[in-house]
């Protein structure tokens, strides 16, 4: 055994103790776990075993055996059963690798170059195998311990945090990861909270249909991350079918907001989509999804109380007429084309003309004018979003 390996063997106990302290300091899950003396002793025993076994294998030019990998996998499985998060499972591997390389560097001397290269080469190859076995064991236990809905919630958390453990969990769930996403926020006003297993079942049903990351973020808010070709693609064509499937399963009116973001900046996209959803129209069967370009006027109005109060008065006058709110909504959605709007409303064009005249009478604003488009579209959008109910 070379001098380098002898030094590592001598320091194995001290280095193992330092590693356990590092886990306690940097990983909250391990800090809680190590508060139990028996659990801490087990962690220390494993850290000592791995260091001594590494030296033995390198000195004999042997790889980790199937028995070794099985033992490491059992450690990962045990961590899952003890409730360690997926993020903690990934971060402990990175921290372990960092500490091991530091320990090697601390005892390496110039004349140990050949042995140093042999040791680091072994650690690179066998460390990858050992880490894979650890994660395989961890994820296998998670499959048995947690529902698909809870594992998807973990995946969404990891993606939003940019955590390096996200790909492993995504692969285990059969989810393909992408460089760009459309964050879809669906808000269900008045939905009861604490639905528990029902929420998990609902998420699992959507996942079986579309295989995308999806999770409840709040009692009334569901988040789905759909793939996008580029950060400028605000809402791909397949967004609306996913939204409709979700709305059908939840069985309640909803507001939908979307925003596109890169994989490393998803929280910003989710924040934007959430703001859009706050002012988007309430729909029982979604016929459109709103991005910031669709509701930027409403977003501005909602943040200026004086303007919102004035617009509310305009909306109040509209509510006194014969179905004027729905008429204006359809009229503007059909680009103010009288014939198309009348067909969509199932009324005669002359009836539509009468209703538009009533709008002018009750608001003193011509719905076909530039001012009418600017004011009345905002008023209708705020009404349909339930802003003043």
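Residue numbers (full-length UniProt numbering): 1 to 389. C-beta: ideal position from N, C-alpha, C; glycine also. Quick caveat, the model's predicted, so the values are computed rather than measured.
| query | result |
| --- | --- |
| Cβ contact (3+ pairs, closer than 8 angstroms) linking the stretch 67-80 and the stretch 132-140 | yes |
| At least 3 beta-carbon pairs within less than 8 angstroms: the stretch 245-262 vs the stretch 181-190 | yes |
| Bridge partner(s) assigned by DSSP for residue 223 | 185, 215 |
| Chain D within 7 angstroms of residue 37, Cβ atoms only | Considering every chain present, this structure includes no chain D. It has just one protein chain. |
| Meets three-Cβ-pair contact criterion under 8 angstroms: the stretch 347-366 and the stretch 273-286 | no |
| Beta-carbon spacing of residue 228, residue 181 below 7 angstroms | yes |
| Beta-bridge pairing of residue 55 - partner residues as DSSP gives them | Note: residue 55 sits in no beta bridge, so no partner. |
| Residue closest to residue 308, alpha-carbon to alpha-carbon, out of 203, 382, 328 | 382 |
| Backbone CA spacing between residue 338 and residue 368 [nearest angstrom] | 11 angstroms |
| Where residue 88 falls, given that 16 or more other Cβ within 10 Å makes a residue buried | buried |
| Buried versus exposed, by CB contacts within 10 Å (16 or more), residue 15 | buried |
| Spatial neighbours of residue 81 in its chain, beta-carbon cut-off 7 angstroms, leaving aside the 5 residues before and after | 141, 145 |
| Minimum C-alpha distance to residue 126 - residue among 360, 97, 361 | 97 |
| Nearest-angstrom Cα separation, counted from residue 340 out to residue 334 | 6 angstroms |
| C-beta contact flag for residue 325 and residue 380 at 7 angstroms | yes |
| CB-CB length for residue 90 against residue 163, believed under 8 angstroms | 7 angstroms |
| Option nearest residue 297 by Cα separation, candidates 373, 242, 149, 158 | 373 |
| Cβ-based neighbour list, residue 13, same chain, cut-off 7 angstroms, excluding 5 preceding and 5 following | 48 |
| N-terminal and C-terminal residue of the alpha helix (DSSP H) that residue 393 is part of | What is shown of the chain runs 1 to 389, which leaves residue 393 out entirely. |
| Close Cβ partners of residue 276 (< 6 angstroms) along its chain, the five nearest in sequence each way excluded | 257, 290, 292, 295 |
| Bounding residues of the beta strand (DSSP E) (the contiguous stretch that carries residue 259) | 255-262 |
| For residue 290, three-class secondary structure by DSSP | strand |
| Burial state of residue 176, where buried means 16 or more other Cβ atoms lie within 10 Å | exposed |
| Inter-residue spacing [alpha-carbon to alpha-carbon] between residue 38 and residue 197 | 34 angstroms |
| Boundaries of the alpha helix (DSSP H) in which residue 167 is found, first to last residue | 166-173 |
| For residue 283, the residue or residues it bridges with in DSSP | 254 |
| Contact belief for residue 203 with residue 152 at Cβ below 8 angstroms, rounded distance in angstroms | 6 angstroms |
| Local conformation of residue 346 per DSSP, three classes | coil |
| Residue 100 - containing alpha helix (DSSP H), residue span | 86-107 |
| Span of the alpha helix (DSSP H), counted from its first residue to its last, around residue 385 | No alpha helix (DSSP H) contains residue 385, which DSSP labels as neither H nor E. |
| Cβ pair residue 219, residue 156 closer than 7 angstroms | no |
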